[in-house]
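Taking it in order: structure first as structure tokens, then the write-up.
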Amino acid sequence: MSPGAKPSADTLRQYEQLKADIERHQYHYYVLSEPLLPDIEFDRLFQQLLDFEQQYPNLTSAESPTQRVGVKPDDGFTEVVHLQRMLSLDNAFSDEQVHDFERRIHDRLNTAAAIRYSVEPKLDGAAISIVYEGGQLLRAATRGDGQKGEDVTHNVKTIASVPLRLLGDGHPDVLEVRGEIFMPSAGFEAFNARAREAGEKVFANPRNAAAGSLRQLDPSVTAQRPLDIFIYGIGVVEGGALPGFHSEVLQQLQAWGLKVCPEIDVVIGADGCLDYYRSIGARREALPYEIDGVVYKVDGYDLQRELGQVSRAPRWALAHKFPAQEQLTTVKAIDFQVGRTGAITPVARLAPVAVAGVVVSNATLHNIGELLRKDVRVGDTVIVRRAGDVIPEVVRVVIERRSGNPPEVSLPEHCPVCGSDVVCPEGEAVARCSGGLVCAAQRKQALKHFVSRKALDIEGMGSKLIDQLVDSGRVSHFSDLFALTAAELAQMDRMGEKSAKNLMAAIESAKRTTLPKFLYALGIREVGEATALSLANYFGDIEPIISASMDELQEVSDVGPVVAEHIRSFMNQQHNREVINDLLRRHKIHWPKIDKPAADIELPFSGKTIVVTGTPVSYTHLTLPTIYSV
Ligand code: I6G
């Protein structure tokens, strides 16, 4: 079809429908902070619209979504007209598109000279404009539709990394900076873990968390959210001059107290950009915040001005996206897994889908409360998300794609592994199997925890072997591990005589441990490594912990009533005390006692050897040496 061809009535209808769909998605994304589609799907729709308008240029109207960046702001906040329009960025998904970007720059500048780019990660957060007047923070506004945003000054002022007053001197009279407000990954995980525990709404991803926090009507709520900011550019500048290169401006902004991303760099040419993309991509999971790509910007402002912009995006900048962390797939089944403490976790079995380079076929639904809230049903199309090392999760059902009326999934009344009753105390989000160590699933998980590196650290005792040992009935309790023989182990799958012998040696050496590791290995609810260490330091041995009252337990620094209750109920159970007794008396599990002098230690000192005898006062500290000889 030639450009400018007249569209048929059918084409016109499709075009109008596509525009309406995109507007609805933008409303959910920008205004409600609850996107209906993963970004990659939205990008696909947007690209379709761009293709349409390229094919039929006459169709393009001023209110087409391609002519604006977002949609009108919500009514709850005061509207702010941006001093200068906030643009968005063109996207690239391949190396070829990056080379095309540079080719267009060369063509437009009519040069083949090497181009210098300022490059930086693209944060997954909420875009913000902050205006400083006379060095004081005057106003902060969301991007909104690019022309008008929402006044979120009170909320932005609660973010510690946003200066209320610029440092140093020489700032322009009016300085508008632009950047991204984001929730660092650790803060996001902690926030969601707390919300999940309390049965409250969790955020689907850090971007929604940042945008949602920014749009709180009460700034004291925003103040409690772990938000941060990176400034990535400037808008209006009046009454002052800035350097001629973007990279230098960022340095200047940093000197004035504004936070810029530490990963910023300057590279030459498209190849330099692609090297940067790969280097950041390799470190992506280790970064303390989520990014969805990198941004390349022509560094010289003179060249930027010459290149100008198309309606919605500058010609001098490009966002090069990483493979999406969210994808669409369908739910084949929903199973219930039983964990170490009996917690029942619903797991969605999915049609396999590649998410950020890894094929995902299972995703957690966390707990029954979340399964019910998300209302996931077999056959549903869902958004699945995989970020960093976190287990893939079902973010949401794409409800519009549900066909028919599949039955709701409900909590099983009986444990799918041992048949014991499933209990879900009033007001708790987590349901549990009441079978305790009668339940093979709980036994397996408890044993896996017991042998793990931070616990008794039995090297070679892997997950599959424990499954076999439990399924064959050979091992039920921790103490059974120490009664295993090399001949028995050699008969297990994938075990030979040599590995059985090595494993026997590992079991033997695990008998010498420390009190904190032993306590942690028992798998008492809420007793992690740190609490185990505090208990060990406070009580010094296991006997006083077994008999400690609720009050005595709460004397320990990080033990509150909930943890004390878990410890008491564990120790109150006769079979748990028997297992501990068996481990200590029959199998001779032991640890150095902290009330006895440690062995002499020989240390090199000024070319001589000194012998130091210290008395350990805790599991982490020795007293100063009490005796020494040279
Ligand atoms: O949305 C954006 C994210 C990051 C940007 C951006 C950016 O630089 C690192 N830069 C510009 C110029 C625009 N949007 C319009």
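One rule links them: number in this note's numbering = place in the sequence shown (from 1) + 28. Even for Gly, the Cβ is constructed at its ideal location relative to N, Cα and C. All values derive from a computational prediction rather than experimental measurement.
Residues bridged to residue i (per DSSP)
| i | result |
| --- | --- |
| Arg-413 | Glu-354, Glu-421 |
| Tyr-597 | The sequence shown places Ser at residue 597, rather than the Tyr named in the question. Ser-597 is not bridged to any residue. |
| Leu-165 | Tyr-160 |
| Tyr-260 | BP columns for Tyr-260 are empty, so no partner. |
| Asn-119 | Ala-347 |
| Gln-365 | Thr-373 |
| Ile-296 | Arg-144 |
| Leu-40 | None, per the DSSP bridge assignment. |
| Leu-342 | The question names Leu, yet the displayed sequence has Pro at residue 342. Beta-bridge pairing links Pro-342 to Gln-337. |
| Asp-521 | Its beta-bridge partners do not exist; DSSP assigns none. |
| Cys-461 | Val-450 |
| Phe-210 | Asp-256 |
| Ala-391 | Ala-376 |
| Tyr-329 | BP columns for Tyr-329 are empty, so no partner. |
| Leu-203 | Tyr-160, Val-265 |
| Ala-155 | Glu-208 |
| His-618 | Arg-540 |
| Thr-170 | Ile-156 |
| Lys-176 | Val-109 |
Selected residue, minimal CA-CA separation from residue i, among the options
| i | options | result |
| --- | --- | --- |
| Gly-455 | Ser-157, Arg-193, Ile-396, Val-445 | Ile-396 |
| Thr-358 | Ala-515, Arg-113, Leu-400, Ala-382 | Ala-382 |
| Leu-203 | Asn-236, Gly-162, Arg-113 | Gly-162 |
| Arg-368 | Gly-385, Phe-219, Asp-508, Arg-460 | Arg-460 |
| Lys-349 | Ser-36, Val-205, Thr-513, Phe-121 | Phe-121 |
| Leu-484 | Lys-539, Ala-142, Gly-227 | Lys-539 |
| Trp-284 | Ala-238, Leu-195, Ala-576 | Leu-195 |
| Pro-234 | Ser-248, Glu-208, Asn-530 | Glu-208 |
| Pro-191 | Val-230, Asn-530, Gly-153, Leu-286 | Leu-286 |
| Ile-259 | Pro-200, Ser-189, His-134, Tyr-304 | Ser-189 |
| Leu-597 | Ile-574, Asp-197, His-618, Ile-617 | The question names Leu, but residue 597 is Ser in the sequence shown. Closest option to Ser-597, Cα to Cα, is Ile-574. |
| Val-404 | Ser-438, Ala-371, Gly-385, Thr-542 | Ser-438 |
| Gly-267 | Ala-251, Gln-252, Asp-201 | Asp-201 |
| Arg-614 | Val-466, Val-587, Leu-509 | Leu-509 |
| Gln-353 | Gln-332, Trp-344, Ile-411, Ile-143 | Ile-411 |
| Thr-392 | Gly-407, Gln-54, Arg-502, Val-375 | Val-375 |
| Gln-54 | Leu-547, Glu-44, Leu-65 | Leu-65 |
| Arg-206 | Ser-157, Val-180, Pro-247, Arg-253 | Ser-157 |
| Arg-501 | Lys-476, Leu-531, Ala-468 | A quick correction: the sequence has Gly, not Arg, at residue 501. Closest by alpha carbon: Ala-468. |
| Asp-79 | Lys-47, Thr-106, Leu-475, Tyr-57 | Lys-47 |
| Tyr-329 | Gln-83, Lys-360, Gly-263, Arg-429 | Gly-263 |
| Lys-185 | Ala-560, Ser-241, Gly-198 | Ser-241 |
| Gln-519 | Gln-496, His-56, Pro-93, Phe-231 | Gln-496 |
| Phe-74 | His-56, His-505, Ile-50 | Ile-50 |
| Val-587 | Ser-577, Thr-559, Met-599 | Thr-559 |
| Val-126 | Arg-343, Thr-409, Asn-530 | Arg-343 |
| Tyr-57 | Gln-45, Arg-193, Asn-236 | Asn-236 |
| Lys-176 | Asn-183, Ala-168, His-182 | Ala-168 |
| Val-108 | Glu-580, Glu-178, Glu-124, Arg-312 | Glu-178 |
| Gly-172 | Ala-154, Asn-183, His-477, Leu-165 | Ala-154 |
| Glu-130 | Ala-238, Cys-301, Ala-533, Glu-571 | Cys-301 |
| Glu-124 | Pro-271, Lys-325, Ala-298, Tyr-84 | Ala-298 |
| Gln-42 | Ile-570, Leu-550, Ser-480, Tyr-84 | Tyr-84 |
| Pro-420 | His-477, Gly-370, His-603, Gln-355 | Gln-355 |
| Leu-117 | Val-479, Phe-105, Gly-174 | Gly-174 |
| Pro-254 | Leu-561, Leu-165, Gly-215 | Gly-215 |
| Arg-333 | Ile-133, Ile-570, Val-418 | Ile-133 |
| Gln-76 | Thr-94, Ala-251, Lys-492 | Thr-94 |
| Asp-71 | Ser-213, Pro-351, Asn-183, Arg-605 | Pro-351 |
| His-199 | Tyr-160, Ser-213, Ala-221 | Tyr-160 |
Cβ-Cβ separation, residue j to residue i (assumed contact under 8 Å), whole Å
| i | j | result |
| --- | --- | --- |
| Ile-308 | Leu-151 | That pair is no contact at about 12 Å. |
| Arg-414 | Val-388 | 6 Å |
| Arg-440 | Phe-364 | Residue identity check: residue 440 is Pro in the sequence provided, not Arg. 6 Å between Cβ atoms; contact. |
| Val-591 | Tyr-566 | About 13 Å separates the two Cβ atoms, so there is no contact after all. |
| Lys-472 | Val-498 | 5 Å |
| Leu-335 | Val-323 | Between Val-323 and Leu-335 the Cβ distance is about 15 Å, and since that is not below 8 Å, they are no contact. |
| Ala-511 | Lys-529 | Not quite, the Cβ-Cβ distance comes to about 17 Å (not below 8 Å), so this is no contact. |
| Leu-531 | Met-599 | Between Met-599 and Leu-531 the Cβ distance is about 30 Å, and since that is not below 8 Å, they are no contact. |
| Val-503 | Val-445 | Contact flag wrong, Cβ pair sits at about 16 Å. |
| Arg-239 | Val-230 | The residue asked about is misnamed: residue 239 is Ala in this sequence, not Arg. Not a contact, Cβ separation roughly 15 Å. |
Residue i beta carbon near ligand 3 (any heavy atom closer than 6 Å)
| i | result |
| --- | --- |
| Glu-593 | Inclusion of ligand 3 in the displayed structure is not the case, the ligand content consisting of ligand 1 alone. |
Count the CB pairs spanning the region 135-148 and the region 290-304 that are closer than 8 Å, and state whether there are at least three.
yes
Can you find at least 3 beta carbon pairs, one from the region 521-532 and one from the region 552-567, that sit closer than 8 Å?
no
Pair every Cβ in the region 309-318 with every Cβ in the region 270-281, then say whether three or more of these pairs are closer than 8 Å.
no
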